[in-house]
Amino acid sequence: MEIGMSIQELSLSNEGTYSLTLSSAPLELTDFVYTTTTYNEITGTENDDVLYGVEGNNRIYGLGGKDTLYGHESTDELYGGSLDDKLYGYGGNDFLYGDGGKDTLYGGLGEDELYGGIGDDKLYGEEGNDKLYGGTLNDTLHGGEGNDELFGEQDNDKLYGGADQDKLYGGDGRDTLYGDEGDDSLSGDAGNDRLYGGDGNDILNGGADHDTLYGGQGNDLLHGNQGWDSLYGEAGDDILIDEDGGSLSGGDGSDTLTVYGNDRSTLDGDNDNDTLNGGGGNDTLSGGGDHDVLNGGDGDDTLYGGESFRADWRPANDDGDDTLNGGTGNDTLYGDYRTVSHSSVTGNDTLNGGDGDDILYGDYEINSINSIGGNDTLSGGVGNDYLNGGDGQDLAMGGTGNDVIFESELAIGGSGNDRVHGDSSSSDTLIGGAGDDWVEGYGNDVARGGSGNDVLTSLGNKDTLLGGEGNDVLHVVGSLGNGAALFAGSGDDILSGNANNQWFHGGAGSDTFHFGTSLYFDLAKSANSIPSYFTGHDKIADFEIGIDTITIDTAIASDFDDLVIEQVGSKAVITLSNGSTITLNNTNASLLSADDFSFTSTSTFNDSLSTWGAHIGESWHYGGSFQSNQWVFGDKRHDVITATHYADGGAGNDTLISYGKKEILAGGEGADTFDLQFGSSGITTIKDFDVNEDQLIFKATISYYGFDYSDRPSLTFSPSSLAPTAYENGTVLKADLGFEIYLEGVDPDSIALDDITLLVRAASDGIGNTLIGGNRDDSLDGNSGSDTLEGRGGNDTLIGGGGHDTLLGGEGDDELSGDGGNDSLDGGQGNDRLHAGEGENQLSGGEGADTFVIGHFSTELAGFNSYDWNSFNNYRYEDTITDFEVAVDSLNITHLLDDNTIRFLANEDNIFRASDLIKQVGNDVVIQGSSTAISTLQNVQLDDFSDEQISFTLIGRNSANHIVGGASDDSLLGRKGNDILEGGDGDDWLQGDEGYDTLTGGQGADTFVLSDARQTYSSSVETDTITDFEIGIDKIAFNNIHYAEINFDDFIITQQGDDTLIQMIRKFDFGGETEYVDDNVNVLLKNINAEDISADDFDFFYLS
């Protein structure tokens, strides 16, 4: 049926099928009246038509022209035609086909199927469970509400799942997939794809080629599949797997990272308790914070329990008890930061080298390092370490701290009070080093005490004991030590033997020679000696009458009259009741008297040694495999004791640490701190808690004990939740959350709960909680739910985590961080620091001089190398500050520059100026660096600000940058490329990193930084230029140069015309030998006389 221009109304019967053709030029079909309920076909023209479906099932063809097609409430089929069309499905389960051109399709209500066809199309599923197919060219697909399926098909597509549980398939090309809300499934398929899981527990599959996957919130599964992929788990407990190798980063949560194949891969666990499994290539594994397990697998791997050498800055508390297993290959293992200079990084790590010639490094805390097989090098680093060489010819170096070394052919304790043990299967050289050491030979070993008051023990035949400086104890255990040689050295020493043909040399000082049962004791608590009579013939080379003393056990001789003393040539020979002899070389027997001898039982002698041994160190860490040392006693100083069973601090203000493993603690005299680090449950008993002097720290992850995540109710936790209850002879603090703290002899009514320090984190189950602090400096972490955090008294740290959180600082100088979600932050009283993070946030500083940190990241600290800047690529925030007080509060504006920033700010000269970020808009000040990053200060005039109130932290692109700071103290980082950085006024920090950078500090005392990014990435010498260095005012800083004791003498400073070139050489200290190697960290100072440069112009530091 052909419809002409003059038709005003058309009515059809309900019989048969009708085909309507619009034959005249542009025509709009409206007020179509019909009575049929059968299938209707509507066909447009070659012009730009607007076609509406009617009641019933419609089939509408746009044909040529840019058409707009509307379906109706039933099941419709819409075909756009050849040009750029718009199709609206409206109600019903519709089928929309864009055909040719750049089409836009809207499914509307119902379960629809949308096909983009040829061209760059946009498809919107809207409500219902829809299926969207992009077709050819570069399409954009939005699933909307409902459980949708999106297929990008050919070319480079963008897919957005929207709400609910969606399935996204990229198809061919470089696709970008966003799961958005819900538990989604994303598959990149072929091409170099980018997948973003968003909220929910998502499954991401990269497919073929080189993909980048971001898990987002929730517990996600990321599978890179073929190609060298980059996987970022982000928040939640994620599983990351890659077939061919790649770069894997777990993010927050307890993650599992695994690579296969033989490519070189990088695995970074980030925060929480992670498991990392390397593949067959030469992999780099970094555990990050908390308790991690790292398995290198095959290949020559590098394992870091904490952060790698590239990680120059990381938030404090980047700690954890890590386990590192090298596997086969020649591996290098690091417990945590090996080169930071102060210990905010902690963790008790275990390093296992495996087969191959491995190098193992500890960190700042207690490390357990086991080489297992191969010719290995073990380095304990800072902290109290356990090093076990195992099989092979090993070198073990304890470093600083109180270390324990086993089974290494060359063992050096280093500084600290060390225990060094030989190996009975080989001839070892054992050196205690500085400090009060305990060194044990196991046969044919050389044991050297070094400086300090040392204990040297022979547990095998033919050992040589060298006491060195200090008041040392040299002794042979039990019936062992045949043919041992004891050389005490300087100091007032004790030499103890068992007459098994041993050689004694006291050296300088007033020495005591003991003969009788063996002396064997624990330095923490004396043990009973084992009675062991001996027969043998010992010799003393340099006994001095009237100065030295021979001590004999009363079981052999009770007084001087029991001794038979004879002159044999130039020697005095003493025969004991059991037939054994003591020979004193070059001694006149007639001059010996009772004054040269003492007679005592072994138990009395051991008690005196225990008293001496108890003062060896201020920090005691016992546990792990050292079961005999589970009872630890401190002394009169301020001890720090990590307990495994029983710990007594003694006198002094001590800190006793437990992990809720049923430890028993006694602080002793003094104001003691009990640091209870429970995890998610635990039991600890404190025997002498003084409510007036002692301090209790409660650190735990809070969740209803025994509930599954799926049914756990929301909870409220505060100091009063610990609910003191009378129990037997004291009080138990028990919150029905899996924690029990027993305080013996304490009245429940005497406990001030608000004086307990809370370091509390909610479980990562997405359930909103309320956490409330007390009067102390508390730390409250909401984790993934929509939480309410109240700091109340003290200088508190509040972290919202994921979800829409409410943070109330209360009294004190608090730090509030919203993290993800739409958050509300109120600093309350005091000088607070607020950073909202992502989302639409409301901020109020409250009373006091508050600092608002605006932008991508929350740090003002310069030294940026450890950040994963890619994680900010899609960073979105919209902050509103309601009570900013000019001349009182301050701003720190942080921003990561990218191409979007440059385009948004329309800088034709490609120069980024800090002032470009902040503008006056009406009555408000607006800070905006892109369309997705905006902050508003309500009712504030920019002209009222002083220069000191606004500081900037600006990070450049991975290409050449030209960045100009503001008038306050700014931090500028260039990253890659040949950068130009201008600090402007104020005391600025300028760090170029890679490339040939030009740095201009401007006014103020500026710091110009050369970091180890050059050593890590650069294969050639790169020289930075400083244009305006001021001697005596500015500083040149070398950040995280990972070699020992860099100082002014390690620079080559030469004059080059009007300028000065500074070149650095690095010093590598290994086995007592020093090797100098040319480095590639150079800087040119313009218009500076080389002779004017001094050590005062340099600074060396390490950031944690």
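So the sequence shown is residues 358 to 1461, counted in our numbering.
We put the beta carbon where it would ideally sit given N, CA and C, even for glycine.
Computed from a prediction, not measured in an experiment: that's the story for all the values here.
Could you give the DSSP three-state label for Glu412: helix, strand or coil? Here the question's residue 412 lines up with position 55 in the sequence shown. DSSP places Glu412 in coil when its eight states are reduced to three.
Contained beta strand (DSSP E) runs [length at least 3] in the stretch 1298 to 1336, N- to C-terminal order: 1307 to 1312, 1319 to 1321 and 1328 to 1330
Reducing DSSP to helix, strand and coil, say where Leu1110 ends up. Here residue 1110 is taken as the residue at index 753 of the sequence shown, counted from 1. Helix at Leu1110.
Short check: CB of Ile1500 to CB of Asp953, under 9 Å? Given that the chain is displayed from residue 358 to residue 1461, the structure contains no residue 1500 and the question cannot be resolved.
Which one of Gly458, Asp469, Leu444 and Asp460 has the shortest CA to CA distance from Phe452? The residue you call residue 452 lines up with position 95 of the sequence shown. Of the candidates Gly458, Asp469, Leu444 and Asp460, the one whose C-alpha sits nearest the C-alpha of Phe452 is Asp469.
Given 8 Å as the limit, tell me if Ser622 has its C-beta closer than that to any heavy atom belonging to the ligand MG. Of ligands this structure carries none, so the ligand MG is not represented either.
Could you tell me if Asp918 is buried or exposed, where buried requires 16 or more neighbouring beta carbons within 10 angstroms of its beta carbon? Translated into positions along the sequence shown, residue 918 becomes position 561. Exposure of Asp918 is indicated by the presence of fewer than 16 other C-beta atoms within 10 angstroms of its C-beta.
Just mark Gly636 as buried or exposed, buried being the case when its beta carbon has 16 or more other beta carbons within 10 Å. As a first step, residue 636 is located in the sequence shown; it is residue number 279 there, counting from the start. Sixteen is the threshold: when 16 or more other Cβ atoms of the shown chains lie within 10 Å of the Cβ of Gly636, as they do, the residue is buried.
What are the residues that DSSP puts in a beta bridge with Trp795? For the purposes of this step, residue 795 is taken as residue 438 along the sequence shown, with counting starting at 1. According to DSSP, Trp795 bridges with Arg776 and Val812.
On the criterion of 16 or more Cβ atoms from any shown chain inside 10 Å, does Gly926 qualify as buried, or is it exposed? One-based indexing of the sequence shown puts residue 926 at position 569. Exposed: under 16 other Cβ atoms inside 10 Å.
Buried or exposed: where does Gly1102 fall if 16 or more other Cβ atoms within 10 Å of its Cβ makes it buried? Stepping through the sequence shown from its first residue, residue 1102 is reached at position 745. Result: exposed.
So, Asp559 versus Asp540, is the Cβ gap smaller than 9 Å? Translated into the one-based positions of the sequence shown, residue 559 becomes position 202. Translated into the one-based positions of the sequence shown, residue 540 becomes position 183. Yes, they are a contact pair.
Would the beta-carbon of Ser1141 fall within 9 Å of that of Gly1159? Here residue 1141 refers to the residue found at position 784 when the sequence shown is read from its first residue. Here residue 1159 refers to the residue found at position 802 when the sequence shown is read from its first residue. Closer than 9 Å, so yes.
Closer than 8 Å is the cut-off here; do at least three beta carbon pairs connect the stretch 1167 to 1182 with the stretch 1109 to 1117? no
Can you list, in chain order, the residues of its chain with a C-beta nearer than 6 Å to that of Leu561? Leave out the 5 residues immediately preceding and following it. For this step, residue 561 is matched to residue 204 along the sequence shown. Hits under 6 Å: Leu543, Leu552, Gly554, Leu570 and Leu579.
Verify whether the separation of the beta carbon atoms of Leu614 and Gly626 is less than 9 Å. By one-based count along the sequence shown, residue 614 stands at place 257. By one-based count along the sequence shown, residue 626 stands at place 269. Against a cut-off of 9 Å, the Cβ pair of Gly626 and Leu614 comes out as a contact.
Taking 8 Å as the threshold, find out whether the stretch 1235 to 1245 comes into contact with the stretch 1186 to 1198 through three or more Cβ pairs. Cβ pair count under 8 Å is three or more, so yes.
Mind checking who Phe1365 pairs with in its DSSP beta bridge? Residue 1365 sits at position 1008 when you count from the first residue of the sequence shown. Phe1365 is bridged to Leu1347 and Ile1393.
Please list the segments of the beta strand (DSSP E) lying wholly inside the stretch 584 to 672, counting only runs of 3 or more residues, in order along the chain. 586 to 589, 596 to 599, 603 to 606, 613 to 616, 623 to 625, 632 to 634, 641 to 643, 650 to 652 and 659 to 661
Own chain, CB closer than 6 Å to Tyr409, minus 5 neighbours either side, in chain order: Reading the sequence shown from its first residue, position 52 is the one you call residue 409. The answer, listed in chain order, is Tyr427.
With respect to the beta strand (DSSP E) encompassing Asp1281, which residues constitute its N-terminal and C-terminal limits? Mapped onto the sequence shown, residue 1281 falls at position 924. Unbroken beta strand (DSSP E) run through Asp1281: Asp1281 to Ser1287.
What residue from Ile769, Asp1135 and Thr1088 has the CA that sits closest to Asp1111's CA? By 1-based counting over the sequence shown, the position of residue 1111 is 754. Cα-wise, what sits closest to Asp1111 is Asp1135.
Using a Cβ distance threshold of 8 Å, determine whether the stretch 1337 to 1346 contacts the stretch 1355 to 1369, with at least three qualifying pairs required. yes
With C-beta atoms as the reference, is Ile1156 less than 9 Å away from Leu1137? Position 799 of the sequence shown, counted from the start, is the residue given in the question as residue 1156. Position 780 of the sequence shown, counted from the start, is the residue given in the question as residue 1137. Yes.
Tell me, to the nearest whole angstrom, how far the beta carbon of Glu1020 is from that of Ala1004; I am working on the premise that it is less than 8 Å. Start at 1 with the first residue of the sequence shown, and residue 1020 comes out as number 663. Start at 1 with the first residue of the sequence shown, and residue 1004 comes out as number 647. Contact between Glu1020 and Ala1004 holds, with the beta-carbon distance rounding to 7 Å and staying under 8 Å.
Are His1161 and Gly1212 touching if we call contact CB-CB under 9 Å? Position 804 of the sequence shown holds residue 1161. Position 855 of the sequence shown holds residue 1212. Contact: no.
Could you tell me which whole beta strand (DSSP E) segments of length 3 or greater appear in the stretch 897 to 960? 906 to 910, 921 to 925, 928 to 932, 938 to 941 and 954 to 957
Residue closest to Asp512, alpha-carbon to alpha-carbon, out of Glu412, Asn504, Leu489 and Asp477: Start at 1 with the first residue of the sequence shown, and residue 512 comes out as number 155. Measuring from the Cα of Asp512, the nearest candidate turns out to be Asp477.
Tell me the DSSP secondary structure of Asp1406 in three-state form. Here residue 1406 refers to the residue found at position 1049 when the sequence shown is read from its first residue. Three-state DSSP puts Asp1406 in a helix.
Cβ-based neighbour list, Glu1085, same chain, cut-off 7 Å, excluding 5 preceding and 5 following: As a position in the sequence shown, residue 1085 is number 728, starting the count at 1. Excluding sequence neighbours, Glu1085 sits near nothing in its chain.
Just reading off the beta strand (DSSP E) that Ser1201 is part of, what are its end residues? The residue labelled residue 1201 in the question sits at position 844 within the sequence shown. Ser1201 -> beta strand (DSSP E) spans Gly1196 to Ser1201.
Who are Tyr490's beta bridge partners in DSSP? One-based indexing of the sequence shown puts residue 490 at position 133. Beta-bridge pairing links Tyr490 to Tyr472 and Phe508.
Nearest by alpha-carbon distance to Glu826: which of Leu816, Leu435, Leu1330 and Asp849 is it? Sequence index remark: in the sequence shown, residue 826 carries index 469 (1-based). For Glu826, the nearest C-alpha among the options comes from Asp849.
Using the beta-carbon count (16 or more within 10 Å), is Ala845 buried or exposed? What you label residue 845 is simply residue 488 of the sequence shown in a count that begins at 1. Ala845 counts as buried, since at least 16 other C-beta atoms from the protein chains shown sit within 10 angstroms of its C-beta.
Is DSSP giving Leu525 helix, strand or coil here? Walking along the sequence shown from the start, residue 525 turns up at place 168. It is a strand residue.
Indicate whether Leu787 and Arg805 have their beta-carbon atoms separated by less than 9 Å. Residue mapping note: residue 787 aligns to position 430 of the sequence shown, counting from 1. Residue mapping note: residue 805 aligns to position 448 of the sequence shown, counting from 1. Their beta carbons are under 9 Å apart, which means Leu787 touches Arg805 by this criterion.
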